[in-house]
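So the structure is just underneath, and the comments pick up after that.
Residue numbers (my numbering): 8 to 342.
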């Protein structure tokens, strides 16, 4: 596969990469670590299911982190020696880290998160010393950063030095053949390939062929129907096409399905049914939340109604929990 990037003008400003990356890490957390940080993967006892601490992470989030530019996952895992450890996985979704100042700011943010996590766990568990926290930065669209970054804060003989590993996803572009060979045993390799294609083909009008080829490759990997459906959905999410190219894509998938004994039609149908169920559940959650808000706070303005109607199911669940002890409407929407 060519290493050079496509030179077409960017047209991917509305790509949603934070949502699929969050889902990909939820679905394939062990596989992600096996691919990106294999040494760490071998230290973890995977017979104990990781405990994802999303609400804990929300509670310690530094103020002022606005926008959808990153994905953070915090998981408690059991190490092979029997001890607990906490893994902070930070995925930079939209930003390219360019220049010394950007790298220093990124390193500082990672250090701040680590400190906040350790302080919270110490309070909760009554620990005298901080627990082990492993911090990992994943950069989706940055290069020449290196395999680690360092935060230093030194003055008059006092200081802190924090070093943490970084994975540059673009470094895998030259290892495309390796990703293909690993994909049969590790579906997260396909997630990385999908992200690399989305990075390379920024002009969405150039994505039809690369997206189709990636989907066609799924039949070679021998996935179960459930895994194939999950990976297919992530590809659909990560490599968005212009609306006017969707019919061409669907015709190509249909033709491929006839060649592959309906495999891809089944995937499309499964995802359509699943999407319908999710959308129906979200609509019901939105109706319930709106009714509760009206009952406690009165009429709902058009902006608030639109916000609730277009929210993800996960956000609706959080807001519904917030409603229980909310004193004002703003309390409902707090992070």
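Every residue gets a Cβ at the ideal spot worked out from N, C-alpha and C, and that includes glycine.
Item: Just to confirm the assignment, what range does the beta strand (DSSP E) spanning residue 146 have?; Value: 140 to 146
Item: My assumption, with CB atoms under 8 Å, is that residue 119 sits in contact with residue 149. Please give the rounded CB distance.; Value: Residue 119 to residue 149, Cβ: 20 Å. No contact.
Item: For residue 67 versus residue 126, is the C-beta distance shorter than 9 Å?; Value: yes
Item: What number of angstroms, rounded off, separates the C-alpha of residue 87 from the C-alpha of residue 60?; Value: 20 Å
Item: Looking at residue 186: is its Cβ nearer than 9 Å to the Cβ of residue 204?; Value: no
Item: Residue range of the beta strand (DSSP E) that residue 171 falls in?; Value: 165 to 175
Item: Use the C-beta contact count for residue 74: other C-beta atoms within 10 angstroms, 16 or more gives buried, fewer gives exposed.; Value: Any reading at residue 74 must be qualified, since the residue scores a pLDDT of 44, below 50, and its modelled position is unreliable; no value is offered.
Item: Between which two residues does the alpha helix (DSSP H) carrying residue 242 extend?; Value: 232 to 245
Item: Taking all protein chains shown into account, decide if residue 39 is buried (16 or more other Cβ within 10 angstroms of its Cβ) or exposed.; Value: buried
Item: Residues in the same chain with beta-carbon distance under 7 Å from residue 238, minus the five sequence neighbours each way, listed in chain order, please.; Value: 194, 197, 225 and 230
Item: Check residue 50 in the structure and name its three-state DSSP category.; Value: coil
Item: Would you decide whether residue 280 is buried or exposed? Buried here means 16 or more other CB atoms lie within 10 Å of its CB.; Value: Here residue 280 scores only 43 on pLDDT, less than 50, and its place in the model should not be relied on; the value that follows carries that caveat. Looking at its Cβ environment, which holds fewer than 16 other Cβ atoms inside 10 Å, residue 280 is exposed.
Item: Just the C-alpha distance for residue 308 and residue 321, rounded to the nearest angstrom, thanks.; Value: 22 Å
Item: Answer yes if the stretch 312 to 327 comes into contact with the stretch 292 to 300, meaning at least three C-beta pairs across the two stretches below 8 Å, and no otherwise.; Value: yes
Item: At the level of alpha carbons, what is the spacing between residue 331 and residue 302?; Value: 13 Å
Item: Quick check on the burial criterion: 16 or more other C-beta atoms within 10 angstroms. Buried or exposed for residue 328?; Value: exposed
Item: Residue range of the alpha helix (DSSP H) that residue 67 falls in?; Value: 61 to 67
Item: Given a cut-off of 9 Å on the beta-carbon distance, is the pair residue 228 and residue 191 in contact?; Value: yes
Item: Using 8 Å as the cut-off, can you tell me whether the stretch 108 to 115 makes contact with the stretch 43 to 58, which would need three or more C-beta pairs spanning the two stretches below that distance?; Value: no
Item: Ignore the nearest five residues each way along the sequence and tell me which others in residue 29's own chain have a CB closer than 6 Å to its CB.; Value: 78
Item: Out of curiosity, what's the CA-to-CA distance linking residue 181 and residue 163?; Value: 44 Å
Item: Quick one: Cα of residue 259 to Cα of residue 252, how far?; Value: 11 Å
Item: Find the nearest neighbour of residue 144 within the set 206, 183 and 97, judged by alpha-carbon distance.; Value: 97
Item: Would you mind stating whether residue 241 and residue 201 have Cβ atoms separated by less than 9 Å?; Value: yes
Item: Does the distance from the C-beta atom of residue 114 to that of residue 158 stay below 9 Å?; Value: yes
Item: Have a look at residue 62 and residue 161 and give me their C-alpha separation to the nearest angstrom.; Value: 33 Å
Item: Could you compute how far the alpha carbon of residue 256 sits from the alpha carbon of residue 218?; Value: 9 Å
Item: On the DSSP bridge assignment, give the partners of residue 222 in chain order.; Value: Answer by DSSP bridge pairing: none, since residue 222 is not bridged.
Item: At what residues does the beta strand (DSSP E) containing residue 159 begin and finish?; Value: 155 to 162
Item: With distances taken from CA atoms, which of 249, 33, 103 and 142 is nearest residue 177?; Value: 103
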